[in-house]
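K.L.:
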Amino acid sequence: MEYLAYGFVPSPRDQLLPMCLLCMCSFSNEGMKPCKMKKHLLSSHPEYKDKPLEYFLSLRDSFRKRGTLPQIMGQCSQQLDKGTLASYKISKLIAQTGNAHNVGESLILPAVSIILSDVMTLNARDIVQAIPLSNSTVCRRIDEMALDVEDQLVALLRLKKFSLQVDETTLQDNDALLMAYVRFWNANTLMEEMLFVRKIRSDTKGLTMFGEIQNYFNEKSIPFQNVIACATDGAASMSSLSIASFTESIWSQKS
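Residue 843 is where the sequence shown ends in my numbering, and the numbering goes up by one at each step.
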């Protein structure tokens, strides 16, 4: 307690060495003498020489409660992790509702800021800055989540038997979209998922559509042997000959 009257406490690096609370300087064993501590206080911090013991007690308590660098970095990392998770969840919500990707930055974050500051009286600035929702970030998050979902589906199709349905539709610019759906059992649950959507710029003949599906199956290493049934939508743009050539091509891959 005598050391504390001069503003000194044991150094956190070495409890046997004194450290000045006012300048955070540590001294040698020689500096542990009260006369040395008093001399340092008077020469380096004369404005504090008349401070009561309670003042230095308060400094000591504040010093003990300080955050260490690992603690501070850990807190920042945890906040960033939570912000990143929130960014993914909000990006998913934006995709599900069909909103423009910039709605996160232009509407959601300002709205969150108002709620935090006006309703919950919290410091909204730090919280909002920890949630990246720029247009490019939301777009990237959606692409990452879509790719992850596709990878999980493809992993199942490599191991399970499934039925395949192919639909075709024409866009306003006369380009055609080829849409593939799969149905399979997974853990006693009948699953139906969209496998892919691809734009066809040439024609909608059966062999053309089969070529697109074959390319996708080869890219993803999905064996044709796992296809147990195949159906098409029978759209007007697909003649009966096209449908026949498509299904024939599918079954020829299984043999």
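We put the beta carbon where it would ideally sit given N, CA and C, even for glycine.
This one's a predicted model, so the numbers in the text were calculated from it and none came from an experiment.
Check for me: the beta strand (DSSP E) holding residue 751 runs from which residue to which?
P.N.:
750 to 758
K.L.:
Check residue 694 in the structure and name its three-state DSSP category.
P.N.:
helix
K.L.:
I believe residue 770 touches residue 795 by the beta-carbon criterion, under 8 Å. Please report the beta-carbon distance rounded to the nearest angstrom.
P.N.:
Rounded, the Cβ-Cβ distance is 21 Å, inconsistent with contact.
K.L.:
Which residues in the same chain have their Cβ closer than 6 Å to the Cβ of residue 808, if we skip the five residues on either side of it in sequence?
P.N.:
742
K.L.:
So residue 730 is in the alpha helix (DSSP H); what residue range does that whole segment cover?
P.N.:
723 to 745 is the extent of the alpha helix (DSSP H) around residue 730.
K.L.:
Using alpha carbons as the reference points, say which of 814, 749, 768 lies closest to residue 778.
P.N.:
749
K.L.:
CA-CA distance, residue 723 and residue 689?
P.N.:
5 Å
K.L.:
Hey, could you find the ends of the alpha helix (DSSP H) residue 643 is sitting in?
P.N.:
Where residue 643 is concerned, the enclosing alpha helix (DSSP H) stretches over 641 to 652.
K.L.:
Enumerate in chain order the residues of its own chain whose CB-to-CB distance from residue 694 is below 7 Å, with the five nearest sequence positions on each side excluded.
P.N.:
none
K.L.:
Judging by CA-CA distance, which residue of 818, 687, 636, 786 is the nearest neighbour of residue 803?
P.N.:
786
K.L.:
Quick check: what's the CA-CA separation for residue 664 versus residue 768?
P.N.:
Unreliable placement is indicated for residue 664, whose pLDDT of 49 sits below 50; no coordinate value is reported for it.
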